[in-house]
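Read the structure below first, then the notes.
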Amino acid sequence: MQTNKKQTTAQAAYKRERDERLTFAATHPAGEVLQELHTTLIGLEESEVEASREREGCNKVTREKRKTLPQRLAGAFVNPFTVVLLCLALVSTATDMIFPAFSLFGSVPEDFDCLTVVIIVTIVFLSGLLRFVQETRSGSAAERLLSMITTTCTVTRKPEGKQEIPLDEAVVGDIVHLSAGDMIPADVRILDAKDLFVNQSSLTGESEPVEKTAELCTETGSVTEYGNIAFLGSSVISGSATAVVAAVGDRTLFGAMAAAAAGEPVETSFTKGVNAVSWVLIRFMMVMVPLVFVLNGLTKGDWLSAFLFGISIAVGLTPEMLPMIVTTCLAKGAVAMSKKRTIVKNLNSIQNFGAMDILCTDKTGTLTQDRVVLEYHLNVDGEDDLRVLRHAYLNSYFQTGYRNLMDLAIIRKTEEEEDSDPRLTDLSEHYVKIDEIPFDFTRRRLTTVVQDKSGKTQMVTKGAVEEMLNICSWAERGGEIHLLTQELREEILRTVDGLNDKGFRVLAVAQKSNPSPAGSFGVQDEADMVLIGYLAFLDPPKESTAAALCALRDHGVTAKLLTGDNEKVTRTVCQQVGLKVTNMLLGSDLERMSDNELKKAVERTDVFAKLTPDQKSRIVSALRENGHTVGFLGDGINDAAAMKSADIGISVDTAVDVAKESADVVLLEKDLMVLEQGIVEGRKTYA
Numbered sequence: 001m002q003t004n005k006k007q008t009t010a011q012a013a014y015k016r017e018r019d020e021r022l023t024f025a026a027t028h029p030a031g032e033v034l035q036e037l038h039t040t041l042i043g044l045e046e047s048e049v050e051a052s053r054e055r056e057g058c059n060k061v062t063r064e065k066r067k068t069l070p071q072r073l074a075g076a077f078v079n080p081f082t083v084v085l086l087c088l089a090l091v092s093t094a095t096d097m098i099f100p101a102f103s104l105f106g107s108v109p110e111d112f113d114c115l116t117v118v119i120i121v122t123i124v125f126l127s128g129l130l131r132f133v134q135e136t137r138s139g140s141a142a143e144r145l146l147s148m149i150t151t152t153c154t155v156t157r158k159p160e161g162k163q164e165i166p167l168d169e170a171v172v173g174d175i176v177h178l179s180a181g182d183m184i185p186a187d188v189r190i191l192d193a194k195d196l197f198v199n200q201s202s203l204t205g206e207s208e209p210v211e212k213t214a215e216l217c218t219e220t221g222s223v224t225e226y227g228n229i230a231f232l233g234s235s236v237i238s239g240s241a242t243a244v245v246a247a248v249g250d251r252t253l254f255g256a257m258a259a260a261a262a263g264e265p266v267e268t269s270f271t272k273g274v275n276a277v278s279w280v281l282i283r284f285m286m287v288m289v290p291l292v293f294v295l296n297g298l299t300k301g302d303w304l305s306a307f308l309f310g311i312s313i314a315v316g317l318t319p320e321m322l323p324m325i326v327t328t329c330l331a332k333g334a335v336a337m338s339k340k341r342t343i344v345k346n347l348n349s350i351q352n353f354g355a356m357d358i359l360c361t362d363k364t365g366t367l368t369q370d371r372v373v374l375e376y377h378l379n380v381d382g383e384d385d386l387r388v389l390r391h392a393y394l395n396s397y398f399q400t401g402y403r404n405l406m407d408l409a410i411i412r413k414t415e416e417e418e419d420s421d422p423r424l425t426d427l428s429e430h431y432v433k434i435d436e437i438p439f440d441f442t443r444r445r446l447t448t449v450v451q452d453k454s455g456k457t458q459m460v461t462k463g464a465v466e467e468m469l470n471i472c473s474w475a476e477r478g479g480e481i482h483l484l485t486q487e488l489r490e491e492i493l494r495t496v497d498g499l500n501d502k503g504f505r506v507l508a509v510a511q512k513s514n515p516s517p518a519g520s521f522g523v524q525d526e527a528d529m530v531l532i533g534y535l536a537f538l539d540p541p542k543e544s545t546a547a548a549l550c551a552l553r554d555h556g557v558t559a560k561l562l563t564g565d566n567e568k569v570t571r572t573v574c575q576q577v578g579l580k581v582t583n584m585l586l587g588s589d590l591e592r593m594s595d596n597e598l599k600k601a602v603e604r605t606d607v608f609a610k611l612t613p614d615q616k617s618r619i620v621s622a623l624r625e626n627g628h629t630v631g632f633l634g635d636g637i638n639d640a641a642a643m644k645s646a647d648i649g650i651s652v653d654t655a656v657d658v659a660k661e662s663a664d665v666v667l668l669e670k671d672l673m674v675l676e677q678g679i680v681e682g683r684k685t686y687a
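Numbered as in full-length UniProt numbering, the sequence shown ends at 687 without a single skipped number.
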């Protein structure tokens with residue numbers, strides 16, 4: 001316990017230091033950041049590398065030291081109940097067999113029955129074996145998490161210049177070079193970027209790639225929100241960048257997550273209850289047995305008989321079969337749940353399932369389907385229009401660059417609608433691509449030029465609404481082309497803002513028929529276009545989510561949503577699944593709260609957004625300290641720490657391996673109604 005406290009204190013110190021350093025790096029000019037990190041744009045010399053490594057440590061995420069076999073055996077078999085049972089078995093054997101065999105107290109009784117000793121030893125062995133197997137499994141979540149990291153990175157150092165080095169040799173102050181496909185080698189401050197697109201789902205759980213730039217951040221908040229900071233464990237989807245290493249190893253955000261996933265599970269309410277009963281019985285025996293021994297010895301004068309009678313009292317007071325009864329009941333509950341496609345990894349979690357009064361749940365992939373769906377394809381008047389979908393398909397299908405989730409959603413939606421409208425049938429065969437103007441983060445749009453079999457050429461562009469309006473001079477309404485006036489522009493923006501407020505991600509689609517240039521097209525040709533409509537995307541909730549949450553309420557379980565997504569999207573999902581948003585706290589709000597303030601806030605708040613993994617874990621811990629039995633339902637790497645902190649960690653079939661390893665229960669079906677069944681089985685077992 002003392003070791004865990006020391007580790008927690010060290011992790012808290014690392015977190016404060018890391019957050020302060022990353023905040024400084026994000027909010028100060030590159031020159032000041034380089035000076036603070038004792039480096040320059042041409043990199044470090046070998047002596048400076050060694051000094052940095054001595055000062056800041058190696059770029060290694062510390063793996064929790066694996067317990068030795070004797071340590072794991074001791075942890076499995078040593079607990080209050082087993083100690084009492086083994087002592088009784090030892091004394092019983094000594095008084096009935098060993099002492100008489102050596103003629104210390106007579107001969108071995110002919111009717112001696114060793115069944116009691118055999119039963120006690122068997123119970124202890126089976127109970128300890130279950131614990132030993134569970135202990136042996138621990139730590140694999142951290143191993144899987146750490147296995148994500150690649151082995152090399154590219155840096156600039158003096159005097160050799162650009163070179164490739166093992167990842168664990170990177171130090172604070174190194175100048176690193178990133179390109180598509182690279183894993184971010186540490187927590188870095190972007191110095192220069194060109195169309196840098198990063199997937200940081202390992203930190204936030206959100207699958208949509210994030211743009212990273214070298215621009216200065218003017219506002220402080222959660223470190224994962226900084227647009228000029230990239231983190232260890234993230235990967236480069238597209239683009240390139242130069243960056244400086246600001247934190248390495250255990251001092252990175254990823255390192256903190258690995259440490260949390262590798263930590264010891266919290267003591268659950270069930271374990272506390274069993275231990276409490278054990279100590280009550282032990283204390284009672286410590287009073288009764290000596291008292292009976294002394295009184296019997298004084299009154300009868302036969303101290304050996306008094307001793308044996310005292311042992312009999314101890315055996316009578318000890319419920320030898322309790323561990324077996326508890327284990328059998330839990331095993332029966334696990335078998336019953338397995339028939340309902342629910343795997344129980346930790347038997348004690350079944351009772352916690354039944355005792356749970358608060359369920360904290362992640363959003364993406366847990367309540368929602370973790371896939372972008374094209375919900376609406378609207379014309380300028382806000383009406384469904386297949387022409388908008390048709391043009392969007394031509395743009396997404398014929399592009400040659402990185403197809404993001406929205407492109408895939410457009411293609412999937414078009415293929416689904418082919419049977420209902422001939423205008424969408426075999427579009428890829430009726431058109432050929434003439435040219436393409438790739439996406440970049442300055443223009444925030446992409447253009448393809450296509451030609452049909454009759455020779456008609458079309459330029460189709462889709463992208464962010466503001467940027468699309470800048471290249472459109474016309475808008476199509478009711479089948480007619482109208483001038484894009486300021487009044488119409490404001491009307492369009494109001495429509496888009498309404499969709500954004502509902503949590504939709506909106507893209508605009510425009511086209512231009514028979515563009516004049518022959519041959520190659522360029523950015524200058526994206527002008528005088530006709531706006532034809534919008535595309536609205538959303539990660540929809542699972543069909544069973546609303547019914548499952550309603551069933552939980554009926555069983556007295558309060559659901560709380562903990563997500564890394566933004567406020568608007570979170571509100572929309574809550575409305576769809578029936579969660580009331582009377583009060584919402586953001587990650588930035590939590591950063592300013594003390595532990596006592598947070599304990600009060602979690603009682604009156606059911607929705608938390610824009611959270612980091614350690615903030616999720618902090619909320620779960622606050623609820624447990626308030627006396628609640630807390631479950632956490634998640635599916636991402638960023639949920640592993642919160643699962644460890646909860647009384648019961650629950651994951652789903654589509655979860656990443658790390659989340660499944662951290663969970664006590666894994667739901668093999670997407671139907672979340674098995675949550676209700678789990679609670680019922682848990683309460684049956686407890687009863």
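The C-beta atom is built at its ideal place from N, Cα and C for all residues, glycine as well.
How close, in whole Å, do the beta carbons of Asn59 and Val171 come, if the pair is a contact with beta carbons under 8 Å?
-> The residue labelled residue 59 in the question sits at position 59 within the sequence shown. The residue labelled residue 171 in the question sits at position 171 within the sequence shown. Indeed, because the Cβ distance is near 7 Å, the residues count as touching under 8 Å.
Going straight from the alpha carbon of Ala510 to that of Glu164, what length do you get?
-> On the sequence shown, position 510 is the one that residue 510 refers to. On the sequence shown, position 164 is the one that residue 164 refers to. In a straight line, the C-alpha of Ala510 is about 44 Å away from that of Glu164.
Could you tell me which uninterrupted beta strand (DSSP E) segments, each at least 3 residues in length, are contained entirely in the segment 199–260, listed from first to last along the chain?
-> 210–212, 235–247
Rounded Cβ spacing between Val460 and Thr442 (contact assumed at less than 8 Å) | Counted from its first residue, the sequence shown places residue 460 at position 460. Counted from its first residue, the sequence shown places residue 442 at position 442. Not a contact, Cβ separation roughly 20 Å.
Test item: CB-CB of Glu526 and Ile437 under 9 Å = Walking along the sequence shown from the start, residue 526 turns up at place 526. Walking along the sequence shown from the start, residue 437 turns up at place 437. Against a cut-off of 9 Å, the Cβ pair of Ile437 and Glu526 comes out as a contact.
Take Thr122 as the anchor and find which of Arg157, Leu86, Cys153, Thr156 has the nearest alpha-carbon.
-> Taking the sequence shown and counting its residues from 1, the one referred to as residue 122 is at position 122. For the residues Arg157, Leu86, Cys153, Thr156, the minimum Cα distance to Thr122 belongs to Leu86.
Flag this pair as yes or no: are the beta carbons of Val573 and Pro541 separated by less than 9 Å?
-> Locating residue 573 in the sequence shown gives position 573, counting from the first residue. Locating residue 541 in the sequence shown gives position 541, counting from the first residue. Contact: yes.
Nearest-angstrom Cα distance between Leu538 and Glu375?
-> As a working note, residue 538 is residue 538 in the sequence shown. As a working note, residue 375 is residue 375 in the sequence shown. Leu538 and Glu375: Cα-Cα distance of roughly 7 Å.
Thinking C-alpha only, which one of Val530, Leu499, Val523, Ala464 is nearest Thr485?
-> Start at 1 with the first residue of the sequence shown, and residue 485 comes out as number 485. Closest by alpha carbon: Val530.
Starting from Ile175, trace the beta strand (DSSP E) both ways and give me its first and last residue.
-> By 1-based counting over the sequence shown, the position of residue 175 is 175. From DSSP, the beta strand (DSSP E) with Ile175 extends over 175–179.
Do the CB positions of Ser552 and Ile434 come within less than 9 Å of each other?
-> Taking the sequence shown and counting its residues from 1, one reaches residue 552 at position 552. Taking the sequence shown and counting its residues from 1, one reaches residue 434 at position 434. For the sequence presented, residue 552 should be read as Leu rather than Ser. No, Cβ-Cβ distance for Leu552 and Ile434 is not below 9 Å.
Check whether the segment 217–230 touches the segment 22–40, counting contact only when three or more Cβ pairs, one atom from each stretch, lie closer than 8 Å.
-> yes
Using DSSP bridges, identify the partner residues of Glu440.
-> Translated into the one-based positions of the sequence shown, residue 440 becomes position 440. Here residue 440 is Asp; the residue named in the question, Glu, does not match the sequence. The partner list for Asp440 (beta bridge, DSSP) reads Arg445.
Rounded to a whole number of angstroms, what is the C-alpha to C-alpha distance between Gly455 and Ser513?
-> Within the sequence shown, the letter at position 455 stands for residue 455. Within the sequence shown, the letter at position 513 stands for residue 513. Taking the straight line from one Cα to the other gives about 11 Å.
Under 8 Å Cβ to Cβ from Val388, same chain only, skipping five residues before and after it: list those, please.
-> For this step, residue 388 is matched to residue 388 along the sequence shown. If we look at Val388 and ignore the five residues flanking it on each side, its Cβ neighbours are His377, Leu378, Asn379, Val509, Ile532, Gly533, Tyr534, Leu535.
Would you say Ala276 faces chain C, with C-beta separation under 9 Å as the test?
-> This model lacks chain C altogether; it includes just one protein chain.
Go ahead and label Phe284 buried or exposed: buried means 16 or more other beta carbons lie within 10 angstroms of its beta carbon, across all protein chains shown.
-> In the sequence shown, residue 284 corresponds to position 284, counting from 1. Answer is exposed; the Cβ neighbour count stays below 16.
Distance, Met356 Cα to Ile619 Cα = Within the sequence shown, residue 619 is the residue found at index 619, counting from 1. Within the sequence shown, residue 356 is the residue found at index 356, counting from 1. One C-alpha to the other measures close to 16 Å.
Limits of the unbroken alpha helix (DSSP H) element including Thr414 = For the purposes of this step, residue 414 is identified with residue 414 of the sequence shown, where counting begins at 1. 405–417 is the extent of the alpha helix (DSSP H) around Thr414.
How many angstroms separate the CA atom of Gly333 from the CA atom of Glu681?
-> Indexing the sequence shown from 1 puts residue 333 at position 333. Indexing the sequence shown from 1 puts residue 681 at position 681. So the alpha carbons of these two residues sit roughly 6 Å apart.
Locate the beta strand (DSSP E) running through Asn379, then write down its first and last residues.
-> Taking the first residue of the sequence shown as 1, we reach residue 379 at position 379. Here the beta strand (DSSP E) through Asn379 covers 373–379.
Between the CA atoms of Leu90 and Ser235 - distance to the nearest angstrom = The count along the sequence shown starts at 1 and reaches residue 235 at position 235. The count along the sequence shown starts at 1 and reaches residue 90 at position 90. One C-alpha to the other measures close to 59 Å.
Return the chain-ordered ranges of every beta strand (DSSP E) run that is complete within the segment 25–66 and spans a minimum of 3 residues.
-> none
Excluding the five sequence neighbours on either side, which residues of its own chain have a C-beta within less than 7 Å of the C-beta of Gly297, listed in chain order?
-> The residue given as residue 297 occupies position 297 in the sequence shown. Taken in chain order, the residues that qualify are Trp303, Ala306.
Kindly indicate which residue of Ala243, Asp384, Asp440, Asn583 has the alpha-carbon position closest to the one of Ala601.
-> Numbered from 1 along the sequence shown, position 601 holds the residue referred to as residue 601. Ala601 has its Cα closest to that of Asn583, out of Ala243, Asp384, Asp440, Asn583.
Which stretch, first to last residue, makes up the alpha helix (DSSP H) that contains Phe353?
-> On the sequence shown, position 353 is the one that residue 353 refers to. Its alpha helix (DSSP H) spans residues 348–355.
Distance, Cα to Cα, Arg683 vs Leu633?
-> Reading the sequence shown from its first residue, position 683 is the one you call residue 683. Reading the sequence shown from its first residue, position 633 is the one you call residue 633. If I take the Cα positions, the gap works out to 19 Å.
If you run the structure through DSSP and keep just helix, strand and coil, what is His482?
-> For the purposes of this step, residue 482 is taken as residue 482 along the sequence shown, with counting starting at 1. Here His482 sits in strand by DSSP.
Which of helix, strand or coil DSSP assigns to Leu579 = As a working note, residue 579 is residue 579 in the sequence shown. The answer is coil: DSSP assigns Leu579 none of H, G, I, E or B.
Tell me where the alpha helix (DSSP H) around Arg604 begins and ends.
-> Here residue 604 corresponds to residue number 604 of the sequence shown, with the count starting at 1. Its alpha helix (DSSP H) spans residues 595–604.
From Phe254 to Leu561, what distance separates their C-alpha atoms?
-> Counting from one through the sequence shown, the residue named residue 254 turns up at place 254. Counting from one through the sequence shown, the residue named residue 561 turns up at place 561. C-alpha separation (whole angstroms): 23 Å.
Cβ neighbours of Gln134 in the same chain (closer than 7 Å, five flanking residues each side left out) | As a first step, residue 134 is located in the sequence shown; it is residue number 134 there, counting from the start. Interpretation of Gln134 is limited by its pLDDT of 49, a score under 50 that renders its predicted location unreliable; no figure is taken from the coordinates.
Cβ atoms of Ser238 and Leu196: under 9 Å apart, would you say?
-> For this step, residue 196 is matched to residue 196 along the sequence shown. For this step, residue 238 is matched to residue 238 along the sequence shown. The answer is yes: Cβ separation under 9 Å.
On the DSSP bridge assignment, give the partners of Gln451 in chain order.
-> Taking the first residue of the sequence shown as position 1, residue 451 is located at position 451. Note: Gln451 sits in a beta bridge opposite Val432, Thr457.
Taking the runs of the alpha helix (DSSP H) that are 4 residues or longer, which of them lie wholly in the segment 621–657?
-> 640–645
From the DSSP output, in three-state form, read off Met183 for me.
-> Here residue 183 refers to the residue found at position 183 of the sequence shown. Note: Met183 maps to strand in three-state DSSP.
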